[in-house]
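Student: According to UniProt numbering, the stretch in the sequence shown is residues 1 to 67, in order.
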Amino acid sequence: MDWNRVEGSWKQMTGKVKEQWGKLTDDDITEINGNREQLEGKIQERYGKAKDEVKKDVDDWYGRQNW
């Protein structure tokens with residue numbers, strides 16, 4: 001999986017990220033800045049999910065994107 005696509009187009013991806021994980025704040029989105037580990041950490045923090053579950057959720061979300 002090539003996460004560089006997300007990092008390179010983070011500003012365009014933020015809407016899709018917020019659509020999927022609405023509990024993330026604008027400040028969270030700015031702080032994440034395309035970094036997958038940061039994204040997973042913030043999702044864990046906001047949703048109280050386990051690390052493995054969040055990793056799977058992010059993988060699933062990434063796979064559904066139209067590149």
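Even glycine gets a Cβ: it sits at the ideal position worked out from N, Cα and C.
At what residues does the alpha helix (DSSP H) containing L39 begin and finish?
Tutor: Here the question's residue 39 lines up with position 39 in the sequence shown. 36–47 is the span of the alpha helix (DSSP H), which, as asked, contains L39.
Student: Provide the residue span of the alpha helix (DSSP H) that contains T14, from first to last.
Tutor: Numbered from its first residue, the sequence shown carries residue 14 at position 14. Start and end: 10–20.
Student: Applying the criterion that 16 or more other CB atoms from any shown protein chain within 10 Å of the CB defines a buried residue, is K42 buried or exposed?
Tutor: As a position in the sequence shown, residue 42 is number 42, starting the count at 1. Buried: at least 16 other Cβ atoms inside 10 Å.
Student: Considering Cα atoms alone, identify which of G48, E40, E45 is closest to W57.
Tutor: The residue you call residue 57 lines up with position 57 of the sequence shown. Sequence check: residue 57 is Asp here, not Trp. When only C-alpha atoms are compared, the closest one is E40.
Student: Does the region 12–27 come close enough to the region 48–56 that 3 or more CB-CB pairs lie under 8 Å?
Tutor: Result no; under three Cβ-Cβ pairs closer than 8 Å.
Student: Would you give the residue range spanned by the alpha helix (DSSP H) that K55 belongs to?
Tutor: Position 55 of the sequence shown holds residue 55. 51–64 is the extent of the alpha helix (DSSP H) around K55.
Student: N4 by DSSP, collapsed to three states: which one?
Tutor: Indexing the sequence shown from 1 puts residue 4 at position 4. Residue state, collapsed to three classes: helix.
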